[in-house]
Structure formats: structure tokens, C-alpha cells
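Structure first, commentary second.
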Amino acid sequence: MTAMRTLWIRLLFTLAVISLPVAMPGLQAQNLGAVKQRMAQRLPQVDALKDRGTVGENNRGFLEARAALSGAENQTVSAENADRAEVYSALAQQTGTSSDQVGRARAKKIAETSSPGVWLQDESGRWYKK
Amino acid sequence: MKSPWLLALLLPMVAATGCINVKAHIIVDVNVKVDKALDDFFGDLDKKSVTITETPVQK
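What follows is the structure, given as C-alpha cells:
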């Protein structure tokens, strides 16, 4: 009886391990949905910081302070960067690349499409205002 | 008599060129995949942003 129970537990465990990769993309999509929602809610604050020139877009796809920030502004930048890191990591897994590569590709796109006046960092590390 | 030597010399060169070609293809494919994944995720957000425009802006 005990042997049968052990067999069942092993079987269930094996099934759980096998089905994990199948369930993962679904879980990841749910997480990314929540991240996107947070980023959309934060967008007006991020835009305002970029518009004022107190924050710029670095060459790795993250926000970086260009002037002294208040506590709340620092929190906004940290939260935005944490969400971006999560997105880059998920997209790297999805495309078989690294988070760094995804972040740099995002930075390139941001540099191309940013409005005039936004602080940007080029590939060599030099900061400039578009 | 010369042809086997010539073949032996040329074969690695041809193989190496093929490898480079395949590698370049893979890199391009990955870049396209990454760009598409980024557009899929950030497309809506970028449309709402006032500091990002849909069309590339010159420096």
C-alpha cells in the first residue's frame, strides 16, 4: 500500500515537472501584463521627468538621473527600472538572448524615437540632448 | 596531381565562409525577434508617451 502511494506521489511529481515549461509562458504573460499596467500608470511621471531633463535614457534601456531627484522621483525611477529589468529578462528568455542585449536594443529604439530635448546616452557612453 | 591539394586548401575556406554566413543569419534573426518582442510589449506604451514618437526623430 505504501509502495503504491509512493509511486503515485512520484508520478504526480514527474507530471508537475514535465508540465512546468508548458505552464511557464502563461504565468510569464500574466506577470508581464501586470508589469505593463504598472508602467502605463507610471508613464505620466516618467514622461514629466524626461521632459524636465532631470532623467535621461541610458544606453542599456534604463532611466538614469541627470540631476538631483526628490525621494518620490527616485522611487519612480527605481520602480520603472525594476519593471523594465523584468520585461527585458522575460523577453530575453522568449527570444533566446540576454537581458543586456534586449535592453540595448530597447535603448536604440528609444534613441531613434525620442522627442527633441530628451537626455540620451549613445553607445560610447556620451550623454547628449536630442 | 595538384587538384587534391587545391581541394584540400579550398575546402576549409568554403566551409568557413558558410559558417560565417550561417552565423550572420542567426544574429540577424535574433535581432529581428528581439525587435518584434520589444514592439509587441512597448508598442502601446510608446503610443501613449509624450516623449516618444512613433516615427524616428533625427538628432
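Chains as they are written, first to last, in this note's numbering: chain A, 168 to 297; chain B, 1275 to 1333.
Here a beta-carbon is modelled for each residue, glycine too, at the ideal position from N, C-alpha and C.
Nearest to residue i by alpha carbon, out of the options?
i	options	result
Lys297(A)	Lys217(A), Ala234(A) and Leu236(A)	Lys217(A)
Val1306(B)	Thr262(A), Ser291(A) and Tyr295(A)	Thr262(A)
Gln242(A)	Gln260(A), Val222(A) and Ala259(A)	Val222(A)
Gln260(A)	Leu1312(B), Pro1330(B) and Thr1329(B)	Leu1312(B)
Ala196(A)	Asp1309(B), Val1302(B), Phe1315(B) and Asp1303(B)	Phe1315(B)
Trp294(A)	Ala234(A), Thr264(A) and Ala215(A)	Ala234(A)
Glu1328(B)	Lys276(A), Ser291(A) and Leu210(A)	Lys276(A)
Below 8 Å on the Cβ atoms is my guess for residue i versus residue j; work out the distance and round it to an integer in Å.
i	j	result
Leu199(A)	Ala257(A)	6 Å
Ser266(A)	Ala252(A)	7 Å
Val254(A)	Val202(A)	6 Å
Glu224(A)	Gln288(A)	7 Å
Thr264(A)	Val1308(B)	6 Å
Whose Cβ in chain B lies nearer than 7 Å to the Cβ of residue i?
i	result
Asp214(A)	Ser1323, Val1324 and Thr1325
Thr264(A)	Val1304 and Val1308
Gln261(A)	Ala1311
Val254(A)	Phe1315
Val285(A)	Thr1325
Which residues of chain A have a Cβ atom closer than 8 Å to the Cβ of residue i, listed in chain order?
i	result
Leu1319(B)	Lys203, Met206, Ala207 and Leu210
Could you list which residues in chain B have their beta carbon closer than 8 Å to that of residue i, in chain order?
i	result
Gln288(A)	Within chain B, no residue comes near Gln288(A); the closest Cβ sits about 13 Å away, beyond 8 Å.
Asp218(A)	Val1324 and Thr1325
Arg273(A)	Leu1312 and Phe1316
Ser282(A)	Val1324, Thr1325, Ile1326, Thr1327 and Val1331
Leu258(A)	Val1308, Ala1311, Leu1312 and Phe1315
Give the residues of chain B in contact with residue i, contact being defined as C-beta atoms less than 9 Å apart.
i	result
Gln268(A)	Val1304, Asn1305 and Val1308
Leu199(A)	Phe1315
Does any heavy atom of the ligand COA sit closer than 7 Å to the C-beta of residue i?
i	result
Trp294(A)	For the structure depicted, the ligand COA is absent and the ligand set is empty, with no information on it obtainable.
Three or more beta-carbon pairs under 8 Å between the stretch 217 to 228 of chain A and the stretch 194 to 207 of chain A, yes or no? no
Three or more C-beta pairs under 8 Å: does that hold for the stretch 1280 to 1288 of chain B against the stretch 229 to 247 of chain A? no
Would you call the stretch 1317 to 1325 of chain B in contact with the stretch 275 to 282 of chain A, where contact means no fewer than 3 C-beta pairs closer than 8 Å? yes
Just list the beta strand (DSSP E) runs in the stretch 214 to 248 of chain A, keeping only unbroken ones of 3 residues or longer that don't cross its boundaries, in chain order. 222 to 224 and 230 to 232
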